[in-house]
Amino acid sequence: MVLPHEGHMHGVKRVIYSGRTEYQQVDIVETYLFGKCLFLDGKLQSSEHDERIYHEALVHPAMMTHPEPRRVLIVGGGEGATAREVLRYPSVERVVMVDIDRELVELCKRYMPEWNQGAFDDPRLELVIGDGRKYVEETDEMFDVAILDLTDPIPGTPSVLLYTREFYGLVRRRLRSGGVAVTQATSLRFSLETFAKIRNAVASAFPLARSYTAPVISFISFWGFVLGSLGRDPLSVSGGEIRERIASLKGELEFYNEDAHRLMFRIPKSISEKADRVSEVPTDTNPAFAPP
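In our numbering, the protein residues as written are 170 to 461.
The structure is reproduced here in structure tokens:
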């Protein structure tokens, strides 16, 4: 990762795959510190060392906020790990995963099976290859939870229009009563202004919006997420309910529990004050951008 005044490099032990799809440069490598890693256009997307933290933080607060999620939409998430976490829930009957890059999904299946852990073989999952925004615009299907596991809004990429007020409005219209949506929202260290703008966009489309963070060490940052709800407030979900529902999940969680749920929504004062000074709401004509 290279920023205007800072850079970070990873020591690579072995290159597993390197090539370009229709949409992006893909590098799957084994690193010394973080194990197997996925890089897209040179930016670290996921590491064997802590992908569980990122994916559990993205998925479970939203799934727990909804009392009984049955139908779930995932936009992005090509590694299959987001689907893996969603499919742990016994209440889930159907998952639609929409990713624009077929080649990336196939590469992740082949070289990173630890991430999906059989999710692509689950009969509840439908994989749709296509543009996520177009799918949301055109589908008639309704969902209980929408999870937006997207690449950062880098200028010139399709992701830019997946972080706007208009897009979140489209997502809202595809949610059933009490529905919940969540998006990754970039780094609180390197792109706090972008995080704040994404929060503002979600808040402009949903009656309730909550931002939260998780410590993703391979990203060298606390990572941001924003949840929008048509029903329950994630802060109202009790520790007892979370414990009970975790006990019903398939497999063990590594990061998320009732304590993590409570703490993730407590953003440090200095950070929240800086974010609160950002008033701009990203739109299709004036989108938010993350550092390239």
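Even glycine gets a Cβ: it sits at the ideal position worked out from N, Cα and C.
Reduced DSSP category for residue i - H, G, I as helix; E, B as strand; rest coil
{"i": "Pro460", "result": "coil"}
{"i": "Phe336", "result": "helix"}
{"i": "Met281", "result": "coil"}
{"i": "Leu276", "result": "helix"}
{"i": "Thr355", "result": "strand"}
{"i": "Arg257", "result": "coil"}
{"i": "Lys182", "result": "strand"}
{"i": "Gly287", "result": "coil"}
{"i": "Arg221", "result": "helix"}
{"i": "Leu202", "result": "coil"}
{"i": "Arg345", "result": "strand"}
Counted within 10 angstroms of its Cβ, other Cβ atoms place residue i as buried (16 or more) or exposed
{"i": "Arg342", "result": "exposed"}
{"i": "Gln194", "result": "exposed"}
{"i": "Leu425", "result": "For the sequence presented, residue 425 should be read as Tyr rather than Leu. It is buried - the Cβ of Tyr425 has at least 16 other Cβ atoms within 10 Å."}
{"i": "Asn285", "result": "buried"}
{"i": "Arg302", "result": "buried"}
{"i": "Lys205", "result": "buried"}
{"i": "Ser439", "result": "exposed"}
{"i": "Leu319", "result": "buried"}
{"i": "Lys182", "result": "exposed"}
{"i": "His430", "result": "buried"}
Per DSSP, the bridge partner or partners of residue i
{"i": "Tyr381", "result": "Phe394"}
{"i": "Val244", "result": "Val267, Leu317"}
{"i": "Glu295", "result": "Val265"}
{"i": "Thr466", "result": "The structure shown does not extend to residue 466, since the chain spans only 170 to 461, so no value can be given for it."}
{"i": "Asp196", "result": "Ser187, Phe208"}
{"i": "Ala350", "result": "Ala315, Gly397"}
Interface flag, residue i vs chain D, CB-CB below 8 Å
{"i": "Arg446", "result": "Judged by its chain identifiers, the structure shown contains no chain D, having just a single protein chain."}
Exercise. Let me know the beta strand (DSSP E) ranges lying completely inside the stretch 385-453, each 3 residues or longer, listed in chain order.
Key: Runs of the beta strand (DSSP E) inside the stretch 385-453: 390-398.
Quiz item: Is the stretch 381-393 touching the stretch 326-343, taking contact as three or more C-beta pairs under 8 Å?
Solution: no
Self-check item: Cβ pair count under 8 Å reaching 3, the stretch 421-435 against the stretch 379-388
Solution: yes
Self-check item: Cβ pair count under 8 Å reaching 3, the stretch 233-241 against the stretch 319-328
Solution: no
Quiz item: Any chance the stretch 346-354 sits against the stretch 304-316, with 3 or more Cβ pairs inside 8 Å?
Solution: Flag = yes, the stretch 346-354 and the stretch 304-316 touch.
Quiz item: How do the stretch 247-264 and the stretch 219-226 stand: do at least 3 beta-carbon pairs fall below 8 Å, yes or no?
Solution: yes
Quiz prompt | the stretch 287-294 / the stretch 262-274 touching (three or more Cβ pairs under 8 Å) | solution = yes
Exercise. State whether the stretch 213-221 contacts the stretch 403-413, with contact taken as three or more CB pairs (one from each stretch) at a distance under 8 Å.
Key: Because the criterion of three Cβ pairs below 8 Å is not met, the stretch 213-221 and the stretch 403-413 do not touch.
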